[in-house]
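Participant: So for the sequence shown, numbering that gives the first Met the number 0 puts the first residue at 0; every next one is plus one. Yeah, the Cβ is synthetic: ideal placement off N, Cα and C, and Gly gets one too. Sending over a structure as structure tokens; questions will come in a sec.
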Amino acid sequence: MADCVSFEYRDDIDVVLVKAGAAAAGSDLRNPFKDACNLLREKSGASFFIDLTELKSISEEDSDWIKQHYIPLVKRSCAGRIILIVPEDDPRREKIDEEYGSLIGFFFASDYEGAVKVLNDVDLKENDKGIKIAGKTRKQWRDNFSYVWFKYSIFPIAIAIIVILGLGIFNKSKNDVIIYSFGYLQLDETYLEKVMKDEGFKVPYFPSAVVVMPNQEGKKPTEYQYESASAFFMTMPDIVVSDGVTYGYYYSSFGVYPESYDRILKNLSEEARKHVEPVYMSAREAAEYTKKYNAWSGKGDPDVENNEQEVDDNTKAIIGLRLNDTDACKRLGYDVGWQKSDNRLIFSMYSKCSDRDKAEKALTALLNSAY
0 MADCVSFEYR DDIDVVLVKA GAAAAGSDLR NPFKDACNLL REKSGASFFI DLTELKSISE
60 EDSDWIKQHY IPLVKRSCAG RIILIVPEDD PRREKIDEEY GSLIGFFFAS DYEGAVKVLN
120 DVDLKENDKG IKIAGKTRKQ WRDNFSYVWF KYSIFPIAIA IIVILGLGIF NKSKNDVIIY
180 SFGYLQLDET YLEKVMKDEG FKVPYFPSAV VVMPNQEGKK PTEYQYESAS AFFMTMPDIV
240 VSDGVTYGYY YSSFGVYPES YDRILKNLSE EARKHVEPVY MSAREAAEYT KKYNAWSGKG
300 DPDVENNEQE VDDNTKAIIG LRLNDTDACK RLGYDVGWQK SDNRLIFSMY SKCSDRDKAE
360 KALTALLNSA Y
């Protein structure tokens with residue numbers, strides 16, 4: 000194993016050290032690297048030394064795995080410093096620094112002793128060698144908090160959910176139709192409110208949430224956005240609306256009601272029918288979206304996903320209606336932020352819709368009102 004990967008926890012300096020041997024490649028590199036991250040999570044607040052001195056080359060496949068899967072895993076696992084041990088004259092340093100230098104607490108060292116010195120120098124500069132509180136220095140408490148931030152973040156998330164529930168569930172008797180829009184979009188509900196009221200709905204409700212999913216435009220999610228977006232589903236909407244990039248990641252929220260969509264299409268005006276088409280999706284496609292999200296976000300285990308979670312069901316079913324006219328989407332009040340990606344909108348009856356007749360009526364009116 001000396002020629003592959005070894006790792007250990009060094010209690011004297013609170014560091015997990017992983018060493019990649021000259022022959023490390025494929026699963027012999029990936030599995031122990033992931034195990035090292037598991038150890039890092041157990042030692043919350045520890046720093047991470049990655050020694051690449053012996054590993055002179057790496058395959059393109061392993062390089063892609065490190066970039067797409069391992070670095071996000073390290074970012075979630077490490078609350079301390081990340082120190083990469085690479086000889087000072089190693090030409091890889093420049094490329095590594097270019098790709099990963101933006102990581103918080105990321106440093107280079109030329110050998111193990113140098114890494115320890117870097118770690119101590121950083122700690123001294125931050126004045127974290129002071130009095131211990133309950134066995135931890137200020138640095139250790141801060142790092143521990145940064146690792147378990149998600150536990151504490153439940154409080155603002157809970158507050159947000161309570162507000163959403165107060166607006167939605169507790170006012171369900173007031174809101175006679177709920178249309179929930181989510182994705183990389185903004186909604187001016189003025190026009191839709193008029194349309195719904197003209198259709199006979201007295202108190203329509205139009206919650207919306209900005210959600211960023213895997214994309215080619217470099218857009219990144221903001222803190223708590225997924226929690227907020229999920230909370231709005233608790234209002235039990237009648238209709239859900241999303242953009243062409245986002246909808247596939249919320250497959251289970253789109254209702255499979257073929258008879259309803261057929262009736263909606265038949266009741267559209269001639270002009271609206273020209274620009275509206277059914278959207279079909281299978282469980283296998285939904286699983287691929289999940290894998291793509293996990294790879295992009297660093298969540299999940301890609302090896303498990305690829306080998307153990309294959310979904311065989313490729314039967315496609317209608318999950319909604321796509322409005323292909325982006326100008327019509329704007330007329331409805333939607334401003335989709337994608338510039339180079341699919342900025343069309345998908346409209347669907349919610350998968351847990353309690354009154355399909357009402358949802359059909361509202362969705363028919365909504366699509367016809369675009370023309």
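Scan the stretch 252 to 298 and note each continuous beta strand (DSSP E) run of 3 residues or more that stays entirely inside, going in chain order.
Facilitator: 275 to 280
Participant: Would you kindly work out how many angstroms separate the C-alpha atoms of I238 and V14, rounded to a whole number?
Facilitator: On the sequence shown, position 239 is the one that residue 238 refers to. On the sequence shown, position 15 is the one that residue 14 refers to. Separation of I238 and V14 (C-alpha to C-alpha, rounded to the nearest whole angstrom) is 51 Å.
Participant: Taking contact to mean 3 or more Cβ pairs, one atom from each stretch, closer than 8 Å, check whether the stretch 262 to 280 and the stretch 48 to 58 are in contact.
Facilitator: Because the criterion of three Cβ pairs below 8 Å is not met, the stretch 262 to 280 and the stretch 48 to 58 do not touch.
Participant: Less than 7 Å between the beta carbons of A228 and V210, yes or no?
Facilitator: In the sequence shown, residue 228 corresponds to position 229, counting from 1. In the sequence shown, residue 210 corresponds to position 211, counting from 1. Yes, they are a contact pair.
Participant: Is there contact here, the stretch 201 to 215 with the stretch 241 to 257, by at least three beta-carbon pairs under 8 Å?
Facilitator: yes
Participant: Below 8 Å CB to CB, which residues in the same chain sit around R91 once its five sequence neighbours on both sides are set aside?
Facilitator: Indexing the sequence shown from 1 puts residue 91 at position 92. If we look at R91 and ignore the five residues flanking it on each side, its Cβ neighbours are L51 and V85.
Participant: Rounding to the nearest angstrom, what Cα-Cα distance links F47 and L16 in this structure?
Facilitator: On the sequence shown, position 48 is the one that residue 47 refers to. On the sequence shown, position 17 is the one that residue 16 refers to. One C-alpha to the other measures close to 6 Å.
Participant: Classify D63 as helix, strand or coil using the three-state DSSP reduction.
Facilitator: Locating residue 63 in the sequence shown gives position 64, counting from the first residue. If DSSP states are grouped into helix, strand and coil, D63 belongs with the helices.
Participant: Alpha carbon to alpha carbon, how far is G332 from E93? Give it in angstroms, no decimals.
Facilitator: Position 94 of the sequence shown, counting from 1, holds the residue named residue 93. Position 333 of the sequence shown, counting from 1, holds the residue named residue 332. Going by the C-alpha atoms only, they are around 47 Å apart.
Participant: Would you mind sorting T221 into buried or exposed? The rule is 16 or more other CB atoms within 10 Å of its CB.
Facilitator: Along the sequence shown, read from residue 1 onward, the residue named residue 221 stands at position 222. T221 is exposed by the Cβ-count criterion.
Participant: Using only CA atoms, which one of K196, D187, F253 and G182 lies nearest to R355?
Facilitator: Walking along the sequence shown from the start, residue 355 turns up at place 356. Among K196, D187, F253 and G182, the Cα nearest to that of R355 belongs to F253.
Participant: Could you tell me which of D175, C3 and A286 sits nearest to L28, measuring between CA atoms?
Facilitator: One-based indexing of the sequence shown puts residue 28 at position 29. It is C3 whose Cα lies nearest to the Cα of L28.
Participant: Counting Cβ pairs closer than 8 Å, one from the stretch 172 to 181 and one from the stretch 324 to 331, do we hit at least three?
Facilitator: no
Participant: State the DSSP-derived secondary structure class of D88, mapped to helix, strand or coil.
Facilitator: The sequence position of residue 88 within the sequence shown is 89, counting from 1. Correct three-state label for D88: coil.
Participant: Can you grab the Cα-Cα spacing for the pair D120 / I81, in whole Å?
Facilitator: Position 121 of the sequence shown holds residue 120. Position 82 of the sequence shown holds residue 81. Distance between D120 and I81, taken at the CA atoms: about 14 Å.
Participant: First and last residue of the beta strand (DSSP E) that includes Q185?
Facilitator: By one-based count along the sequence shown, residue 185 stands at place 186. Element bounds for Q185: L184 to L186.
Participant: Cutting at 6 Å between CB atoms, please list the residues of its own chain near A19, excluding the five before and the five after it.
Facilitator: As a first step, residue 19 is located in the sequence shown; it is residue number 20 there, counting from the start. Cβ within range, chain order: V4, L51 and L54.
Participant: Check whether the Cβ atoms of M398 and P203 sit closer than 7 Å, and answer yes or no.
Facilitator: The chain is shown only over 0 to 370; residue 398 falls outside these bounds and no answer can be derived.
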